[in-house]
Every structure is written in C-alpha cells, then in structure tokens.
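*Asks:*
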Amino acid sequence: MRKLVEALAVVSLIDAVTLWFSQTSGPFPSVVPLGNPTAYRNLYVHVPISVSTYLLFTLGFLLALAYLLRGKNWMEEMAHSFIAAGLVMGFSTLVTGMIWASESWGSPWNWDPRETGVLFMFLAFLVYLAVRSSIKDPDVRPRISMAFAVAAYATIPLSFLVPYLMPSLHPTIPETSMFVRGGLTPLLFGGRIILVSLEGSLLALLMRSGGARGAKLAVIPVVLVALLLVAVQLPPNLSGGTGGTFKVQVISGDVVDGTLHLKVRSSQGTYDLLYRGKPPINPLFVTFGGERRLTLEKHWLLVEGRIENGTILASSMRLIPYWGNAVNSLIYALTLFTLAYLAGRERK
Amino acid sequence: MKAVMLAASIALVVLLVGYMAITSSSYEQISQLSRYRKPTMVTVRALVADIKTLPEEDLILFVLKDENGSKIYAFYGLTRFISQYGAPPSHSTVEQEVIMRGMFYPERMGDVLGRMEIKEILQGCHKAYEAPPATGG
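Protein chains in written order, with the working numbering: chain V, 76 to 423; chain U, 2 to 138.
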C-alpha cells in the first residue's frame, strides 16, 4: 500500500504542475461561437475527469464480470471500489460539464443527448450502489450487485457513442482532435488525461484496501494549486473595475499604425479603446473560415488607463480567464480529496 | 451462469430505457412542430434563413427553416443577445445552423408553422475546434 501512496504522491505532484500550467498558459481555440474563449481551458479539466470516469467504470465492469465467472472475493471488492470511485468522478464530470456549458453552450443543462446519456449512466451506477447496500445476505449480495454492475455498464457505450449517432452539442473525437494536434496541446491534453485517469485508478485501488491515511496528504498539491487558481482568477471576474481600472469585453477591433483600436463594452456602456503595448494574446489575428479574425473578440479584459473624450486610453491590459475554470479546478481537487478520504478510512 | 444471464437481461432493459431517454431528449426539426396544437416548450435544430433586428421593440427576429422548407418565426431579446454575444447578430455571432429552446405557439400562415419565444440559444462547440489555437493570460 505504501508504494501505491508514493506513486499517488508523484502523480499528484505532476498533476498539480500541469493543472496550473493548463489553466494559466494552456492553448485555447482562438475563435469560438459563444462566450469567453478561455472557457475552453476546461478541455484540460472536464475531459480528463470524464475519461477517468469511463475508465473506472470499465475496470469495475471487467472485474464484476470476472467475479461472476470466477467467483473470487477480491474481484468483487475491487469492482466495487472502482465503481464507487467512478461515481465520485462521474458526479464531478456532470458538475464541471454544466459549469463549462453555461458559458460555451449558453445554458448549464441542455438535455443534450450525451448529457442525458452521462446522467443516465450515473443514475444506473447509483442504483447499483442502492442494490448492493439493500441486500443484507452476504451470500446473495455479491452476485446480485455484480450482476447489476455488469448490466449498468450498458449505459457506457450508449453515452459515449451518442454524438456519433445523433446531433449533439458535444463534439466527437475527430472534431476535438482537430484542435489537439499542434504544438504543446496534444502533450498537455493527452498528458492530463493519463494523469487524471492514473490518479483515479490509484485512489480506487487504495479504497479497496482502506486505511491509506497518506492518500489525503498525497493529493494536497492538487488542492493547493486549485485554491491558488481560485485566489488568482476569481477576483478579476468579481471586480467591476474601479478608478483607473476597467473591466471590458471586446466586440471588435483592428490594428492601425501600430495601435490597437478596439470597440469594447462594459457595464457602463460601449467605448472605443486605444492601446499601443503588447497584446495579451498570441496570435492577435488568425485566418479562419477564409476571414481575418481578431482573436481578442469575446474576451473580457482588465484594462488600466484613463478615459478621454469617451475613449479609453489603455496603458496595460490582461485577459480575464473564465471564472468557471478555477471553480472546476477546485471541484476536481475536492473530488480527488474525497476519494483520498474514502481511501483513508479503515475497512470494517 | 445464472448471474451472467441475469446481468445480460438487466443490461438489455437498461439499454432500451437509456436509448429511449436519449432519443427523446434529441432535438426536433421545424417540420415536426406541425404536430403541436397548443403552446409547447420545444428544442429545435434549424437553419437560419434570415435575421432581422427590431431595435424599437428590443427584439431579434430569426426566420428558422429546415430542409423540407417549413419555417417558423423565433424572437429573442436584442439587449440580452448583445450582453451574451458582445454584438448584434451577424455571421460571427450566429452560426448557419442553430439549436434553440423556447415556447412554440402554433399559428400556421402558409409555410410558416408558428412563432417561438426563444428562452435559450444553444451553441455547439464543434466549430471552435477548427480554429487555430491561441495562448494568453
């Protein structure tokens, strides 16, 4: 068990570093249909949690099936741990997805076919838990509950394949991979999927043996990074702009003679904004759909400067990241901590 | 083996119920709205045939259609749209195909099946992944 906790500590440390990097410097799509483009940094939080959920349920299913065929007790115990961990991760999948959807799809819950599929999957495994805890006879309980665990797995291919079978707001893997193909993105995206899946699996294994008190300590780096993200990224979202600081959203703009001319809106109205410094985004323009597009469009900015004749003369500007990214990072950290807490409990 | 058979039987039921739950939550085509006789909350997937801004009424009028040529008029608050998208409707804020949820009032006028008060405009994120990546902070 000690080796598992040590492995968890190492994975958690790398996870914490990549979480910070992905949420402060991770690439995001330069042109998006709706909302703050930085909301797409949820690719590095929500998607790995979702993949980890699918993996945990799959391992739980295989162990449950193996138990039904072979009848070894450790298989049943381990299947239960993986499914329980999958349920905690599954809940996190639903909540982080809703927070992202509220910005990028226009509404937190849309009865999108995959959303419905994942909710159905979560409920099916929740019923497994209810079935397992309601059967008191120790001879009957494992067989019935494992049979139900195997049956509940039917919801996995259903929820996974839905975007391929009918119109869905969720993208398919080929659509997502169009973005995840160049530079650092595949490493960061793929790496985080592996790290989160590994962490979930290690915690599930520790949950089976129980009494792993070091597990909570092992996931602390992720919790600290998530709290730091909340401390750094939430205040600019909550600020309305004071004194010489303005919180504005970019509507349109161009560069004329080395000066960035933007049309922006704030809670006070619409303004022109002029800025000669280094733009807070790279690249500033892209060609997309045959058009030259300003990548600052739809971004919220925290701008320092002054107003002259209804025009904001900016001396500095920075992007305000979508608030849900920090909140989702914290939800993820709390998910890991919950699993670590369950792993730390002594088994009865 | 009995337990495996039990698992397979329950799996079939789960699959059937899941399939029904998912397909019933899918989006309706404009022509499917013709079956409604009274106001109904619907989620439609449609092509945007035309957009008109009505500033004096603080409304946007979307003419939505499907491949069969059926149309509806859909209305959305102009101020609300601008606060969400940062600008009035244009090619950069509204995609050619949209998913909208709202209250549909069946009032047939020729090939127009009725009007809809839009509660939410739902955008898929598919197109975002085609865009080149950006970084910043």
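Idealized CB from N, CA, C, for every residue including glycine.
Because the structure is a prediction, the values reported are computed rather than measured.
(1) Checking the sheet assignment: what are the DSSP bridge partners for U:L62?
(2) Whose C-alpha, out of U:L65, U:K39, U:L60, U:A8, is nearest the C-alpha of U:G78?
(3) Can you tell me which of V:A205, V:T320, V:R207 puts its alpha carbon nearest to the alpha carbon of V:E379?
(4) Can you name the residues that DSSP bridges to V:R267?
(5) Could I get the ranges of all uninterrupted alpha helix (DSSP H) runs contained in the segment 117-150 of chain V, with 4 residues as the minimum, in chain order?
(6) U:K72: buried (16+ other C-beta within 10 angstroms of its C-beta) or exposed?
(7) For a contact defined as C-beta to C-beta under 9 angstroms, what are the partners of U:Q33 on chain V?
(8) Taking buried to mean at least 16 other C-beta atoms within 10 Å of its own C-beta, is U:E68 buried or exposed?
(9) Report yes or no: is there a C-beta of chain U within less than 8 angstroms of the C-beta of V:G172?
(10) Alpha carbon to alpha carbon, how far is V:L377 from V:Y350? Give it in angstroms, no decimals.
(11) Report all residues from its chain with a CB closer than 6 angstroms to the CB of V:R207; omit the five preceding and five following residues, and keep chain order.
(12) If you compare alpha carbons, which of V:D214, V:W180, V:A176, V:A226 is closest to V:F197?
(13) What does DSSP give as the partner residues of V:D347 in its beta bridges?
(14) Measuring alpha carbon to alpha carbon, tell me which of V:A408, V:R420, V:G419, V:Y239 ends up nearest V:A91.
(15) Name the one or two DSSP bridge partners that V:L376 has.
(16) Kindly provide the ranges of any beta strand (DSSP E) runs that are 3 or more residues long and lie completely inside the segment 149-181 of chain V, ordered along the chain.
(17) Given that V:Y115 touches chain U, what residues does it touch there, using C-beta distances under 9 angstroms?
(18) Do V:E274 and V:V86 have their CB atoms nearer than 8 angstroms?
(19) Report the CB separation of V:V193 from V:T168 in whole angstroms; it is logged as a contact under 8 angstroms.
(20) Would U:E1 count as contacting chain V if we go by Cβ distances under 8 angstroms?
(21) For V:G265, count neighbouring C-beta atoms within 10 Å of its own C-beta (all shown protein chains included) and say buried if the count is 16 or more, exposed if not.
(22) Pick helix, strand or coil for V:R420, following the three-state DSSP scheme.
(23) According to DSSP, simplified to helix, strand and coil, what is V:P183?
(24) Let me confirm a value: V:E151 is counted as buried when at least 16 other C-beta atoms fall within 10 Å, else exposed. Which label applies?
(25) So the candidates are U:V43, U:L48, U:I122, U:Y130; which of them puts its Cα closest to the Cα of V:V107?
(26) If we call anything under 8 angstroms between Cβ atoms a contact, is V:Y397 one with V:L263?
(27) Should V:E366 go down as buried or exposed, given a rule of 16 or more other Cβ atoms within 10 Å for buried?
(28) At what residues does the beta strand (DSSP E) containing U:I122 begin and finish?
(29) Quick one: give me the first and last residue of the beta strand (DSSP E) that U:R109 is part of.
(30) Apart from the five residues on each side of it in sequence, which residues of its chain come closer than 8 angstroms, Cβ to Cβ, to V:L143?
(31) Excluding the 5 residues flanking V:L244 on each side, which residues of the same chain have their C-beta closer than 7 angstroms to its C-beta?
(32) Do the segment 201-215 of chain V and the segment 249-261 of chain V meet, that is, are 3 or more Cβ pairs less than 8 angstroms apart?
(33) With distance defined between alpha-carbon atoms, name the residue in V:Q343, V:A160, V:A301, V:Y346 nearest to V:S272.
*Replies:* From the atom records:
(1) U:K53, U:F76
(2) U:L60
(3) V:T320
(4) DSSP output for V:R267 lists no bridge partner at all.
(5) 121-145
(6) buried
(7) Simply none; closest approach about 13 angstroms.
(8) exposed
(9) no
(10) 13 angstroms
(11) S220
(12) V:A226
(13) V:K338, V:T386
(14) V:A408
(15) V:V323, V:L394
(16) none
(17) C126, A129, Y130
(18) yes
(19) 6 angstroms
(20) With chain U covering only 2 through 138, there is no way to say anything about residue 1 of chain U.
(21) exposed
(22) coil
(23) coil
(24) buried
(25) U:Y130
(26) no
(27) exposed
(28) 113-123
(29) 98-110
(30) R218, M221, A222, V225
(31) W180, N185, D187
(32) no
(33) V:A160
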